[in-house]
Amino acid sequence: MLNRLDEKKLFYQRAISIWEEFCHLHKDLYDLTCDEYLTLLESDIDKLEKLLPLKEEIINKISDLEKERSELIDTLNTTALFSNNISRSNELIQAFSVIEQESGIAALKNLNTLLIDIIQKLQDQNKKNQVFLNKAMISLREVKQGFTGKKQYTTYGADGQTRSLHR
7 MLNRLDEKKL
17 FYQRAISIWE
27 EFCHLHKDLY
37 DLTCDEYLTL
47 LESDIDKLEK
57 LLPLKEEIIN
67 KISDLEKERS
77 ELIDTLNTTA
87 LFSNNISRSN
97 ELIQAFSVIE
107 QESGIAALKN
117 LNTLLIDIIQ
127 KLQDQNKKNQ
137 VFLNKAMISL
147 REVKQGFTGK
157 KQYTTYGADG
167 QTRSLHR
């Protein structure tokens, strides 16, 4: 039978494994999001249609991994290895901080920092993609209006709000 410290170490290794996979999947998602941006710039719709299912597959894997993380927390709470119940990832990382201090390697904490960094970069790239798509939609609307003969001009009023003039 395992003593409490050895049991904590096994759970710690499981947490590290989950965080490593989170980092890997989010990096893959980031790479695909960057590819998506380049594909948008190239206006390569066929390639874009191939990227979207890949992104969806990675997002589904992240969702499954999130369930694993939740199950790990639930299991830890039933073992009573820690004095307080864990409800969030930060609490999980804090609970394992003693093990990291003893080993001298803050692996879980470092993986979490890396994960946060990747997620921030992913969010920034998604914003760039969205801005590009918004500009493309505006351009398409203007082209469509040009074909229908309903040209619309946008001006700004004294209050700074946009106003549309039809000609």
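Counting with this note's numbering, you get residues 7 to 173 for the letters of the sequence shown.
Beta carbons are placed, not taken as given, at the ideal position from N, Cα and C, and that holds for glycine.
Environment of residue i [buried if 16+ CB atoms lie within 10 Å]
| i | result |
| --- | --- |
| Asn118 | buried |
| Ser95 | buried |
| Ile99 | buried |
| Leu121 | buried |
| Ile124 | buried |
| Ala101 | buried |
| Glu108 | exposed |
Reference residue i, options the options, closest by Cα
| i | options | result |
| --- | --- | --- |
| Ala21 | Ser145, Thr81, Glu55, Gln107 | Thr81 |
| Phe88 | Asp34, Ser76, Ser103, Arg147 | Ser103 |
| Lys33 | Gln126, Leu114, Ser76 | Gln126 |
| Met143 | Ser49, Tyr36, Asn116, Ser76 | Ser49 |
| Glu62 | Thr39, Leu47, Ser76 | Thr39 |
| Tyr18 | Gln129, Tyr36, Glu97 | Glu97 |
| Arg75 | Glu26, Asn90, Ile105, Leu57 | Glu26 |
| Lys73 | Leu16, Ile24, Ser145 | Ile24 |
| Leu60 | Lys133, Glu42, Gln129, Asp70 | Glu42 |
Unbroken alpha helix (DSSP H) run spanning residue i, endpoints
| i | result |
| --- | --- |
| Ser76 | 51-85 |
| Ala21 | 10-48 |
| Asn96 | 95-101 |
Residue i at chain C interface by Cβ criterion, 8 Å
| i | result |
| --- | --- |
| Lys53 | Protein chains in the displayed structure number just one, and chain C is not present. |
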